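Inspection log for the structure reproduced underneath, given as structure tokens.
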Amino acid sequence: MDAAEFRVRIAEVYRIAGEIGSAFRIDNCTPDGHLVGAFGQIAAKLAFGLEFGASTNEHNCTWAGGGKKTDIQVRCTGAGSILLRSEPVYLIALEVSPTGLFTLLYNGPGRRVWQRIQHQKSTQKTISKQALLELHRMVPQEERLPVVLEGIF
């Protein structure tokens, strides 16, 4: 499946969820949680050429470049913020829209993001889309994973 078809299929999922919500008068019937996370993993795999880790490694992928492998946490949101439980070595954060378009929120070392949220008392720490975009602008180009397939973001 190419990037264009992937976007179309995601838009179909959102459309169907909306139809079901309308039929049963549910105001907020949208994909969330694991499904949105899976959308993000697939988008990151396509865009960056990632390999999926074992199913026991939640949201983890690897990237092989420059003769080394890098562990990456991929997070995706449809609601404006992401959750982290621990400091990722590397983080790709995405937002998916109901039209199937993805926005790259963050691509870089996880320490920058973790330093921003580590003070939160909850075991699941949140960071907003705006904060991720702000931190992403600070990541030097050489610390970002290169995009290998255009058209995802």
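Read left to right, the sequence shown gives residues 1 to 153 (full-length UniProt numbering).
Positions of the beta carbon are idealized from the N, C-alpha and C atoms, including for glycine.
Since we're looking at a predicted model, the values are computed, not measured.
Looking at the backbone, the Cα of Glu142 and that of Gln120 are separated by about 30 Å. By the CB criterion at 7 Å, Gly110 and Glu87 fall inside the cutoff.
Lys129 is the residue among Lys129, Lys45, His34 and Tyr14 whose C-alpha sits nearest the C-alpha of Glu95. Assignment of Gln73 by DSSP, reduced to helix, strand and coil, places it in the strand class.
In this structure, Leu50 sits away from Ala3, with a CB-CB distance that is not shorter than 7 Å.
The beta carbon of Thr126 lies closer than 6 Å to those of Ser81 and Leu83 in the same chain, with the five residues before and after it left out. At least 7 Å separates the beta-carbon of Ile92 from that of Val113.
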